[in-house]
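These protein sequences, in sequence, are chains F and G.
Residues are numbered in this note's numbering as their position in the first sequence, beginning at 1, plus a constant of 184.
Residues are numbered in this note's numbering as their position in the second sequence, beginning at 1, plus a constant of 88.
I have placed the structure first, in the form of structure tokens, so that the comments after it can refer back to it.
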Amino acid sequence: MMESARHCIRKTKIFMDTIVDIQVVYAANWSEADVTIQIERAFDSFRLVENTCSRFEPSSELMRLCAQIGMAVPVSPILFEPLKFAVEIAAYTDGVFDPAIGRKMELQGFDRNYVSGERMNHIVDDSASYRDILIDEVNRMVTLKRSMVLDLGAVAKGFAIDLASVHLQEFEGFIVNAGGDLYVGGSDVEGNPWRIGIQHPLHEDEWIDEVELLDMAICTSGGYERKSERDADAHHIIHVKTGVSPTEVISCSVIAPFAMLADGCSTALMLLGMEKRKEFIEEMGVKVMLLSPDLDVLTIGDDPDVV
Amino acid sequence: MAKVNVKWALMCSAAIAAIYASGYYATINQAPKDGQVLVFQNGNQQYKNGTFYGVGSNRRGSIQVAVTIQNDQIVNVEIVDFRMHYSIRDVVGKPEEVVKRQSANVSNVSGATYSIRAFHDSVVNALNQATRS
């Protein structure tokens, strides 16, 4: 039996204020040591993206970029790519989704560096938008026209998952799970498709639904995980224009071939109204599971039975 | 597979390629890693080098950690097993904090007393095993 030849290694670390859990299923031709090296490389992707894109670390490339107003700054690919992607989604949603929202997040109390405990309070006004971010694709430079705090929270984790997954492609199967946002490759230790549960928003140990995934990412955004300390009704997804958190959808899970796409879409979909939502899902070509306040699961996107 | 709008998926694959296909990854990979460049005070090594496992448990469950020590520095703390009756989110950030503070004493989190205590005990347990006799 092929199945008996499969082994599994699982490692868990903390990055980006999140538990990052990597499972690898490998065949007997791999040594445990070599598998572990690849897993460490996958973890390094998270370390790299966090050190580069964190708005909680004054020395991060992102915060150094924020300190330079009105000039074209050469930017490393680790920052350039997720920023460009976030600005594209911002443009497509007409600013409903906006990576210039960092200052508003700080004001809502999402201002604490989880490692040092230090609180962030940047002296910038909070009216900048994605339109003040100019991306020069040819020279890979970024110009910020106004002072702002960039927030790549909606795409950077997904990007790190995608980068980590590259190191694990050769194995029989793997999961890179960063706090419930994950990419699934190959099959599980028995050779079956991975089955992924979707967390019940109220009961920690329950699943509200389950999906089978192959070479796909699934990312869930919801207001139930991170609440604001300052406003009981506010959570970590904030509408730029109204400054409040959406409540008509409890959580939104997006299935896509890339975690950065799934991650960005899930946040954007929490913010978009129902009428815009459908069009957005069609444009992105993703599969979406929305959870209403009365806990009904609504599946949108082509071919509900696939993936 | 669901059909994905080529534009958005292409942007994602181009983003990955920008890191790995451009040679950029090879350059950054040689740089020293952040958080691991720490200086220690005395020449007499207090701890053995290596990875040591520690368990902390109380009536609400148990946590197992792997603490890696190099030249008396705590360079990595990993949660190997988490069996508390509370969410693992309670101890999120704590392994990093141990590395930064170089000590098992981590800041408390409200409502997570048992998890934090078990986490603290597991790190102390691992350090005890690493201590030179």
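Using N, Cα and C, we set each Cβ at its ideal position, and we do this for glycine too.
In terms of beta-carbon proximity, F/PHE464 stays away from the interface with chain G, with every pair separated by 8 Å or more. Excluding residues up to 5 positions away in sequence, SER437, VAL481 and THR483 lie with their Cβ nearer than 6 Å to the Cβ of F/MET473 in the same chain. Partner residues in a beta bridge of G/ALA218, as assigned by DSSP, do not exist.
With contacts defined by Cβ atoms closer than 8 Å, F/ILE193 and G/VAL180 do not form a contacting pair. Take F/GLY485, set aside five residues on each side of it, and the residues of its chain with a beta-carbon closer than 7 Å to its own are ILE465, VAL470, LYS471 and VAL472, in chain order.
Contact check for F/ALA348 and F/PRO266: beta-carbon distance about 14 Å, past the 8 Å limit, so the pair fails to qualify. Among the CB atoms of chain F, one or more fall inside 8 Å of the CB of G/VAL180. Using a C-beta cut-off of 8 Å, the segment 358-378 of chain F makes contact with the segment 197-211 of chain F, since at least three inter-stretch Cβ pairs fall below that distance. Runs of the alpha helix (DSSP H) spanning 4 or more residues and lying entirely within the segment 211-285 of chain F occur at 216-237, 245-250 and 261-276, in chain order.
The shortest C-alpha to C-alpha distance from G/PHE170 to any of G/ALA97, G/GLN134 and G/ILE151 is the one to G/ILE151. F/PHE294 has a beta carbon lying at 8 Å or more from every beta carbon in chain G.
In this structure, the alpha-carbon of F/VAL308 lies about 17 Å from that of F/ARG296. At a cut-off of 8 Å between beta carbons, G/TYR112 contacts chain F. F/PRO258 is classed as exposed because its beta carbon has fewer than 16 other beta carbons within 10 Å across all chains shown.
Within the segment 346-415 of chain F, complete beta strand (DSSP E) segments of at least 3 residues are found at 357-362, 365-370, 378-383, 391-397 and 400-406, given in chain order. Residues of chain G whose Cβ lies closer than 9 Å to the Cβ of F/LEU455 do not exist; the shortest such Cβ separation is about 17 Å. The beta-carbon distance between F/GLU390 and F/SER371, rounded to whole angstroms, is 25 Å. This is too long to meet the 8 Å contact definition. CA-to-CA, the gap between F/GLY457 and F/ILE253 works out to about 33 Å. Here F/ALA189 is not bridged, per DSSP, to any residue.
Boundaries of the alpha helix (DSSP H) around F/SER450: 443-455. In this structure, the beta-carbon distance from F/MET444 to F/ASP346 falls below 8 Å. Under the DSSP assignment, F/LYS329 falls outside any alpha helix (DSSP H); it carries neither an H nor an E label.
At a cut-off of 8 Å between C-beta atoms, F/ASP335 does not count as an interface residue with respect to chain G. Residue-level contact check: G/ALA97 touches chain F, since one or more beta carbons of chain F fall below 8 Å from its beta carbon. Annotated as distal: F/ARG330 and F/ASP310, with beta-carbon spacing of 8 Å or more. Per DSSP, the continuous alpha helix (DSSP H) segment holding G/ALA105 begins and ends at 94-108. By the Cβ criterion, the segment 205-221 of chain F is not in contact with the segment 229-240 of chain F, since fewer than three pairs of Cβ atoms, one from each stretch, lie closer than 8 Å. With its beta carbon less than 8 Å from one in chain F, G/ILE167 belongs to the interface.
The continuous stretches of beta strand (DSSP E) do not include F/PHE294, and DSSP gives it neither H nor E. DSSP, read as helix, strand or coil, puts F/MET468 in helix.
In this chain, G/VAL155 is not harboured by any alpha helix (DSSP H); it is covered by the beta strand (DSSP E) spanning 149-158.
The beta-bridge partner set that DSSP reports for F/PHE199 consists of F/THR202.
Between the C-alpha atoms of G/GLN190 and G/GLY142 there is a straight-line separation of about 16 Å. Taking 7 Å as the cut-off between beta carbons, the residues of the segment 335-358 of chain F near chain G are PHE343, ASP346, LEU347 and VAL350, in sequence order.
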